[in-house]
Amino acid sequence: MRASAQAAFKAESYQGERLNFESAGAFFSHLTERRWALVHALQGAGEVPVRELARRVGRDVKRVHEDAGVLVGLGLIERTERGGLRCPFNDIHVDMHLHQAA
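Going by our numbering, the sequence shown opens with residue 48, and the numbers climb by one from there.
Okay, here's the thing in structure tokens:
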């Protein structure tokens with residue numbers, strides 16, 4: 048992470064966003080299949096009200112609202128001033144490295 052931060056400070060153009068987790072378990076506990084479905088449904092869709100998002104993914108409004116709160120906290124989606132949701136990213140790349148502890 049330190050090398051990535053140093054490279055970003057030296058760069059003259061936008062380097063994108065990074066989200067790091069301490070383990071694969073932490074990653075999968077925060078970014079479940081249902082939460083990824085919400086992100087995917089919001090990509091390129093503009094502002095979408097929570098009820099409409101729940102309808103689009105075929106889920107309960109309360110659960111979508113809860114999952115959206117986690118995704119907002121992680122910075123993968125945003126709440127709009129009118130209370131809707133939007134995903135500011137057109138492309139999300141996931142890269143995972145697993146290695147044996149020394």
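Don't be surprised by glycine CBs; every beta carbon is placed ideally from N, CA and C.
CB-CB length for L66 against L132, believed under 8 Å: Within the sequence shown, the letter at position 19 stands for residue 66. Within the sequence shown, the letter at position 85 stands for residue 132. At roughly 18 Å, the Cβ-Cβ gap does not stay under 8 Å, so L66 and L132 are not in contact.
Three-state secondary structure (DSSP) of R98: Against the sequence shown, residue 98 aligns to sequence position 51. DSSP, reduced to helix, strand and coil, places R98 within a helical segment of the structure shown.
Span separating the alpha-carbon of I139 from that of H87: As a first step, residue 139 is located in the sequence shown; it is residue number 92 there, counting from the start. As a first step, residue 87 is located in the sequence shown; it is residue number 40 there, counting from the start. Going by the C-alpha atoms only, they are around 10 Å apart.
Through-space distance from V95 to G72, alpha-carbon basis: Residue numbering aside, residue 72 sits at position 25 when the sequence shown is read from its first letter. Residue numbering aside, residue 95 sits at position 48 when the sequence shown is read from its first letter. Looking at the two C-alpha atoms, the distance is approximately 30 Å.
Where the alpha helix (DSSP H) containing L118 begins and where it ends: Within the sequence shown, numbered from 1, the residue matching residue 118 stands at position 71. Looking at the DSSP string, the run of the alpha helix (DSSP H) that includes L118 is V108 to L121.
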